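All remarks here apply to the structure that follows.
Numbering (mature numbering (1 follows the signal peptide of the UniProt record, and there is no 0)), first residue to last: -28 to -1, 1 to 401.
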């Protein structure tokens, strides 16, 4: 279900300007297709380019296969419409892969991005291609779950579904029974019908809003992008539609965290982003000799810029030099702009604690009971845990299991008991 963008109807001035700016981009697009390795969950690299005098951020985004929201989140300090000649524009072309089966098509709704996993015909191994997409508006949400492609159509016609007709009728508008194939067809040149038949992955007759919530539930792609995707998708291809605003993955001994704003309707239903990030980072480092910069974890969650940020590294790997110290000056915006190094953890010696101390930080909790429950689980595994509340440096301790006989006692915060196990060496530092 989508909005027919070129049927006769009032068009707001700003929307018309945005469409013209978007469609005016004629430069060659960046290729976002990467070899897929089983031992890595991160592909691509961050890049910087310089805006030209006539550029908007939308122009830069379309040239490099970046969505509208993605480029704005990555460059909050820049004016969307007049970034200015020579402005340094960050291209978020580094991706932590969603935590899903690496097969078929994966669409992650919060980042408004599609991933296509496939074998190469030449037998050179597996690859993943990724493209920005538009998804359903809040009142016309794109469904989650695992579907499959049941039909492929080139130059499709469009029959508006009853739900869209009713929505238009409520506004005093009408739609034709069928929109024929051609430049005015809102499905564009290609359409992939999913196993929920009213939902499609399709092109567009108007590239405004790629990377925004602007459809009636369908997945809308830029015409160039679906033209590349279409020949490589077979009937029966699985389509996994997920909501993963927080993604974590390893590459070359470095742990990356990528955080996007959750969809509005899910913001109060799902666990808080910080809680999710802490859980996923802890799961990623479990069983590994790794260090995590928890200050960076919290900052990455708070900013939610959709840009992978290095938050930890394996033992034996030196803490990489921060991006600001290694990035070369950006070149003018062309398809061949060289890659900048991706952002990496800061020097651990600059952290709040000294490098000689070792900490496991669990993060901030809005609900004290949740913190106490987690503390009890840690205690059951043989750790000593502290629940801190109020001013910095104050708090209560949860004892080790050897100090309390009853589980309900172990769940209760208490001052550190003098007869219990000795305080950890880092206590009070």
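We treat Cβ as the ideally placed atom computed from N, Cα and C, and that holds for glycine.
Here the structure is a predicted model, which means the values were calculated and not measured.
Quick check on residue i: buried or exposed, where buried means 16 or more other Cβ atoms within 10 Å of its Cβ?
i           : result
residue 281 : buried
residue 54  : exposed
residue 131 : exposed
residue 150 : exposed
residue 179 : buried
residue 274 : exposed
residue 272 : buried
residue -13 : In this prediction, residue -13 has a pLDDT of 44, which is less than 50 and means its spatial position is unreliable; nothing more can be read from the coordinates.
residue 265 : buried
residue 219 : buried
residue 188 : buried
residue 91  : exposed
residue 234 : buried
residue 116 : exposed
residue 25  : exposed
residue 207 : exposed
residue 41  : buried
Tell me the DSSP bridge mates of residue i?
i           : result
residue 282 : 228
residue 209 : Its beta-bridge partners do not exist; DSSP assigns none.
residue 174 : 163 and 192
residue 107 : 185
residue 254 : In the DSSP output, where bridge partners are listed per residue, residue 254 has none listed.
residue 220 : 229
residue 130 : 151
residue 120 : 210
residue 90  : 99
residue 277 : Beta-bridge pairing links residue 277 to no other residue.
residue 76  : 89
Do residue j and residue i have their beta-carbon atoms positioned less than 8 Å apart in this structure?
i           : j           : result
residue 176 : residue 152 : no
residue 287 : residue 261 : yes
residue 225 : residue 257 : no
residue 102 : residue 85  : yes
residue 23  : residue 68  : no
residue 114 : residue 159 : no
residue 278 : residue 46  : yes
residue 65  : residue 2   : yes
residue 168 : residue 107 : no
residue 121 : residue 166 : yes
residue 124 : residue 164 : yes
residue 97  : residue 217 : no
residue 44  : residue 29  : yes
residue 245 : residue 231 : yes
residue 229 : residue 253 : yes
residue 193 : residue 100 : no
residue 4   : residue 37  : yes
Helix, strand or coil: how does DSSP classify residue i here?
i           : result
residue 5   : strand
residue 143 : coil
residue 84  : coil
residue 367 : Reliability of the predicted coordinates at residue 367 is poor, the pLDDT of 38 falling under 50, and the value obtained from them is presented with this limitation in mind. Three-state result, residue 367: coil.
residue -18 : Residue placement at residue -18 is flagged as unreliable, the pLDDT there being 39, under the threshold of 50; a coordinate-derived value is accordingly withheld.
residue 204 : helix
residue 270 : helix
residue 30  : helix
residue 154 : coil
residue 102 : strand
residue 38  : coil
residue 288 : coil
residue 50  : coil
residue 238 : helix
residue 244 : coil
residue 16  : strand
residue 262 : strand
residue 323 : Per-residue confidence for residue 323 stands at a pLDDT of 34, beneath the threshold of 50, marking its modelled position as unreliable; no derived number is given.
residue 168 : coil
Sort the options by Cα distance to residue i and report the nearest one.
i           : options               : result
residue 170 : 201, 204, 134 and 10  : 134
residue 27  : 12, 57 and 16         : 57
residue 210 : 192, 168, 77 and 191  : 77
residue 212 : 147, 138, 255 and 191 : 191
residue 161 : 265, 233, 203 and 234 : 203
residue 87  : 198, 163, 259 and 108 : 198
residue 237 : 111, 39 and 48        : 111
residue 182 : 233, 246, 19 and 32   : 32
residue 269 : 148, 40, 126 and 249  : 249
residue 71  : 13, 40 and 104        : 13
residue 195 : 156, 227, 276 and 206 : 156
residue 227 : 15, 4 and 5           : 15
residue 10  : 263, 223 and 346      : 223
residue 200 : 276, 251, 126 and 17  : 126
residue 346 : 263, 251, 259 and 173 : 251
residue 343 : 276, 247 and 259      : 247
residue 174 : 205, 146, 145 and 41  : 205
Taking 7 Å as the cut-off, is the C-beta of residue i nearer than that to any heavy atom in the ligand PLP?
i          : result
residue 14 : Only the bare structure without any ligand can be found here, which leaves the ligand PLP out of the picture.
Establish whether the CB of residue i and some CB of chain B are separated by less than 8 Å.
i           : result
residue 219 : The structure shown contains no chain B, having only a single protein chain.
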